[in-house]
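Residues 106 to 307 (my numbering) are what the sequence shown spells out, left to right.
A virtual CB, placed ideally from N, CA and C, is assigned to each residue, including glycine.
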Amino acid sequence: MTFTVAIDGPAAAGKGTISREVAAHFGYAHLDTGLLYRATGRRTLDGTDPVEAARTLGPGDLGADDLRTPEVAQAASRVAAIPEVREALVDFQRAFATRSGGAVLDGRDIGTVICPDAQVKLFVTASDDIRATRRLIELTDKGHDISFEQVLDDLRQRDARDSARTTAPLKAAEDAVLLDTSELSIKDAVDLAIEIISERQG
Ligand code: CDP
Numbered sequence: 106m107t108f109t110v111a112i113d114g115p116a117a118a119g120k121g122t123i124s125r126e127v128a129a130h131f132g133y134a135h136l137d138t139g140l141l142y143r144a145t146g147r148r149t150l151d152g153t154d155p156v157e158a159a160r161t162l163g164p165g166d167l168g169a170d171d172l173r174t175p176e177v178a179q180a181a182s183r184v185a186a187i188p189e190v191r192e193a194l195v196d197f198q199r200a201f202a203t204r205s206g207g208a209v210l211d212g213r214d215i216g217t218v219i220c221p222d223a224q225v226k227l228f229v230t231a232s233d234d235i236r237a238t239r240r241l242i243e244l245t246d247k248g249h250d251i252s253f254e255q256v257l258d259d260l261r262q263r264d265a266r267d268s269a270r271t272t273a274p275l276k277a278a279e280d281a282v283l284l285d286t287s288e289l290s291i292k293d294a295v296d297l298a299i300e301i302i303s304e305r306q307g
């Protein structure tokens, strides 16, 4: 059985948490596609060519412990605008999406480009302030010394760049269900996503 759930949305909207919990609930595999771009961006900070970095990504790159920093996030967003970089990462994502047993993929272009035929598409959003507050807590919990303004700046810059690029820009698929998590607790957002997915499973 293949069953694909595509979860897209702007930076730090709660896609990761919702995807993880939904995948655990249904026993599906989960791929955080942002990690592929973060790992590629991370390698360019060491001087590797972006396209070369994307084409030769290995498990070691994906396991690096500094992929969550705003510096790496910015590098990810820059390399993500390069069509050849995106192309190098397509096959892996599509193979993951169609593995048997069900898959949840979260990113920016899953419902629009990677899996246009996904059975369920969610577009998760939240206000800028809520997103920055959530991300600030995540980062400070991990020991990063960063201000609310710096986090907010990172999110806004990336959203602007991710939305403006020509190839696979950040946008909701026409048939995506919009999930605004600004006023929802994590649990409520996850419950709502589970409800929507359950309805589609028929
Ligand atoms: O966790 P957060 O929402 O902050 O970011 P992420 O999902 O880890 O993605 C980091 C960056 O990778 C984004 O700002 C995008 O530029 C890029 N990305 C993308 O272009 N396409 C995807 N499917 C996933 C991420």
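Item: Rounded straight-line distance, which links the Cα of Val-190 to that of Thr-161; Value: 11 Å
Item: Proximity below 7 Å, CB of Ala-159 to CB of Ala-202; Value: no
Item: Spatially closest choice to Ala-265 from Gly-121, Ala-223, Gly-114, Thr-109, by CA coordinates; Value: Gly-114
Item: Start-end ranges of the alpha helix (DSSP H) lying completely within the region 145 to 223, minimum 4 residues; Value: 155 to 160, 164 to 167, 175 to 184, 188 to 202
Item: Coil, strand or helix - Asp-258 by DSSP; Value: helix
Item: Three-state secondary structure assigned by DSSP to Ala-298; Value: helix
Item: C-beta atoms of Ile-123 and Ala-273 nearer than 7 Å; Value: no
Item: 7 Å Cβ cutoff met for Leu-227 and Ile-112; Value: yes
Item: Sheet register partners of Phe-91 (DSSP bridge); Value: Since the displayed the chain opens at 106 and closes at 307, residue 91 lies outside it and no answer follows.
Item: Identity of the residue in Leu-275, Ala-134, Leu-167, Thr-245 nearest Thr-230 by Cα; Value: Leu-275
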